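Okay, so the sequence shown: first residue is 59 according to the numbering used here, each after it adds one. Written below as C-alpha cells is the structure these notes are about.
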Amino acid sequence: MPDPFHLGLFLQGSSVQAWGQPWTGRIAETWMKPELFLDAARALERACFDYILLEDSSYIGESFAGSRAIYLQNGISVPRQDPSVVASLMAGATRHIGIVPTLATFAYPPFLLARLVATLDQVSGGRAGWNMVTGSSDFAARNFGLEKLTEHDLRYDMADEYIDLVDRLWKSWDPGALVADAETGMLVDPERVHQIDFTGKYYASRGPLNCGPAPQGRPVIAQAGGSPRGREFASRHADTIVASVVGATAMRDYRDDVRARMARHGRDPDSCKVMFLVTPILAANMADARAIQAERRAAEARQTDLKMAFLGKITNIDFTKLDLDAPIGDLTTNGHQQLLDDFKKAAGNKTLRQAIVSFNHDGDGVELLGSPDDVAAQMGEVMQEVGGDGFLFSLPNLHRRTLAEIEDGLAPALQKRGLMRKAYAHEHFRDNLLEF
C-alpha cells in the first residue's frame, strides 16, 4: 500500500456555489452568509483534511460576446466575496485545518499582503496559507487602475521579487522578539525587530511589519504552476502546488518534473506537497455513481455556451468569434496558459463544438467514482502509481450532502486503509503538511 497522502478542498469562489444545481435550492436566499463554508471547514476538519484553498477572481467575466450577461444570469464566478474575510471566519470556526485564501500580487502591495497573511496566521494559531497568483485577466487589472496585465512570464519575474520582499517582511521580527518581560517592563525587544529597506526593480518597502511575527514564521505558500515558467516559480517558492493534469502518467511526470526543479534550486523535494485536482463522484454503489456521471455529462453537452463562457473567462478568449464547426486552430493567451494548453491538447483535430462539449474543467485528473470504498481504493492505486503527495477536491456542486459523503463515507474508508491521518499531529499547518 502507498504511504498516507494529503487531502484538501479547492473551494471555487467564496460566495455562490452551484447555482440551480440539485441540493442548492436555498442558495439565492443564503449566499451572503458564510454558513455553508463554515460547515465545510468544520466537516473537513473532522475528516482530517490538510487545508481549504479559497480560489478567487476580482472581476466579472465579459469574454463571451463582449458581454457580462451570461456570467451574471448563470452565476458563473459571480457574485464573489473577498476570500480574506471568509478565510478569517473559517479560521475562527476551526482549530486544526489550514486556511488558504487566494491573493493576487497585482492587487496587493507587498506590505499589505504580508501584514494580512501574518495576521491570519496569528488569529488562526499558525494555520494560514497564501495561494499566490499573478492574475490572468486584463478585466481584473482594470479594476485596480491598470491598463492591462504585464506579459505572462514577466509577471512571474515580478513575483519572484514580490515573494522575496514578503519573506523579508515576515522575517523582520526575529524569533523571540516578543519577550513580554514583566520585570523589566519590555514587551518587544527592539534589537530583534528590523527595518529591511528593500528596493528592487519592481517593489520597495521600508519595513518592518507592525503586526508582529507570524506563528509559522513563513505562512504556507500555495501556487498553481502549470506553464514551464509557472513550474519554475512554484518549484522555487511553493510549499504546496496545485496541479491540474489528466491521467496518472501525466501526474507522475508533472511531480517528477517539479521535484527535479526543486532539487536544482537546492530545496528538499519532500518539503513541497504536490496536490492533484480531482472531482470524485460518491454514491451508494458504482451503478449509482455512473448514473450521476452520465447525468452530468449530458447536462454539459447541453451547456456549450456556458462552458465556452467559463473557459473564455479564464483564458481571455471570446470563443463566440470562432467557428463552432471548425478546428480551434492555434490559440494563444496572456491569461491562464495551462488551461488553454490542456484544452488544445484535448481538442486535437476536433471542431470547437466537439471540443467544448467533451472538455472537463472541474479538475477531473483521474476518474474517481463509486462507493466510498471504491473511491478510496482508486485513490490509493493512483497515489501508488504517481508517488505522492495528495489530492485537492474540486467539487462543482458543493453542498452539505457532499460534505457528509466525504466526512462520514470517504474519509473513514481511506483511514481504514491507512491512506490518511485519523488525527492532526501538530499545531501548525506547515508541520501537518510535512508530517508525511
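Glycine included, every Cβ here is placed at the ideal spot set by N, Cα and C. Computed from a prediction, not measured in an experiment: that's the story for all the values here.
If you follow the beta strand (DSSP E) that VAL237 is part of, which residue opens it and which one closes it? Element bounds for VAL237: 236–239.
Which ranges does the beta strand (DSSP E) cover as unbroken runs of at least 3 residues, wholly within the segment 161–192, from first to last along the chain? Qualifying beta strand (DSSP E) stretches, in chain order: 187–191.
Own chain, CB closer than 8 Å to GLY288, minus 5 neighbours either side, in chain order: Around GLY288: TYR214, GLN281, ALA282, GLN395, GLN396.
State the beta-bridge partners of GLN442 as determined by DSSP. GLN442 is not bridged to any residue.
For ARG310 and LEU401, the rounded distance between their alpha carbons: Residue 401 is actually Phe in this sequence, not Leu. Straight-line measurement puts the Cα of ARG310 at about 20 Å from the Cα of PHE401.
Quick one: Cα of GLY446 to Cα of VAL278, how far? Separation of GLY446 and VAL278 (C-alpha to C-alpha, rounded to the nearest whole angstrom) is 19 Å.
Do you know offhand how far HIS154's Cα is from GLY187's? Taking the straight line from one Cα to the other gives about 13 Å.
Give me the Cβ distance between ILE375 and SER116, rounded to the nearest whole Å; I'm assuming they're in contact under 8 Å. Going by Cβ atoms, the distance from ILE375 to SER116 rounds to 19 Å, so no, they are not a contact pair.
Taking Cβ to Cβ, would you say LEU364 is nearer than 8 Å to PHE377? Going by beta carbons, LEU364 and PHE377 fall outside the 8 Å limit.
Could you name each continuous beta strand (DSSP E) segment of 3 residues or more that falls completely within the segment 227–302, going from the start of the chain to the end? Complete beta strand (DSSP E) runs here, min 3: 236–239, 244–246, 278–281, 298–301.
Presumed contact (8 Å Cβ cut-off) between ALA98 and LEU461, rounded CB distance: The Cβ separation is near 6 Å, so the contact holds.
Between ASP399, LYS331, ASP466, which lies nearest to PRO62 when the distance is taken from Cα to Cα? Here the closest residue by C-alpha is LYS331.
What does the alpha-carbon distance come out to for the pair SER285 and ARG317? One C-alpha to the other measures close to 15 Å.
Counting Cβ pairs, one atom from each stretch, are 3 or more of them under 8 Å apart for the segment 239–247 and the segment 179–193? Segments in contact, no.
Integer-rounded CB distance, given that PHE202 should sit under 8 Å from PHE164: Going by Cβ atoms, the distance from PHE164 to PHE202 rounds to 7 Å, so yes, they are a contact pair.
What are the boundary residues of the beta strand (DSSP E) that LYS403 is part of? Note, LYS403: premise wrong, no beta strand (DSSP E); alpha helix (DSSP H) at 395–405.
ARG325 (DSSP reduced to helix, strand or coil): Assignment of ARG325 by DSSP, reduced to helix, strand and coil, places it in the coil class.
Neighbour-count burial assignment, ASP381, 16 or more Cβ in a 10 Å radius: Exposed, because fewer than 16 other Cβ atoms sit within 10 Å of the Cβ of ASP381.
Taking the straight line between their C-alpha atoms, what separation do you get for PHE291 and VAL444? Inter-residue distance for PHE291 and VAL444 is about 22 Å (C-alpha atoms, whole angstroms).
For VAL13 versus ALA149, is the C-beta distance shorter than 8 Å? This structure cannot speak to residue 13, because the chain is shown only from 59 to 494.
Check PRO454 in the structure and name its three-state DSSP category. PRO454: coil per DSSP, three-state reduction.
Alpha helix (DSSP H) segment containing GLY370, residue limits: For GLY370, the enclosing alpha helix (DSSP H) begins and ends at 362–373.
CA-to-CA distance, LEU492 to LEU499, given in whole angstroms: The chain is shown from 59 up to 494; residue 499 falls before or after that span and cannot be answered.
Strand pairing of VAL336, partner residues [DSSP]: In the DSSP output, where bridge partners are listed per residue, VAL336 has PHE451.
Can you give the Cα-Cα distance for ASP33 and ARG459, rounded to whole angstroms? No answer is possible for residue 33: the residues shown for the chain start at 59 and end at 494.
Determine the burial state of VAL440: buried for a count of at least 16 other Cβ atoms within 10 Å of its Cβ, exposed for fewer. Around the beta carbon of VAL440, 16 or more other beta carbons lie within 10 angstroms, which makes this residue buried.
Beta strand (DSSP E) runs contained entirely in the segment 84–168, provided each spans 3 or more residues: Correct list: 109–112, 156–162.
Please identify the residue among TYR129, ARG355, PHE334 whose C-alpha is closest to the C-alpha of ALA367. The alpha carbon of ALA367 has as its nearest neighbour, out of TYR129, ARG355, PHE334, the alpha carbon of TYR129.
Of the residues TRP77, LEU96, TYR109, ARG185, which one's Cα is nearest the Cα of ILE134? Here the closest residue by C-alpha is TRP77.
For LYS206, name the three-state secondary structure that DSSP assigns. LYS206 falls in the coil class under three-state DSSP.
From ALA405 to ALA151, what distance separates their C-alpha atoms? ALA405 and ALA151 have their C-alpha atoms spaced approximately 43 Å apart.
Any idea which residues DSSP pairs SER73 with across the strands? Per DSSP, ARG138.
Tell me where the alpha helix (DSSP H) around LYS474 begins and ends. Here the alpha helix (DSSP H) through LYS474 covers 469–474.
LYS331, DSSP secondary structure in three states: In the displayed model, LYS331 falls within a strand according to three-state DSSP.
Specify the secondary structure class of TYR380 as computed by DSSP and reduced to three states. Residue 380 is actually Leu in this sequence, not Tyr. Secondary structure of LEU380 (DSSP, three-state): coil.
Spatial neighbours of PRO385 within its chain, please: CB distance less than 8 Å, with the 5 preceding and 5 following residues excluded, ordered by chain position. Same-chain partners within the cutoff: ALA405, ASN407, LYS408, THR409, LEU410.
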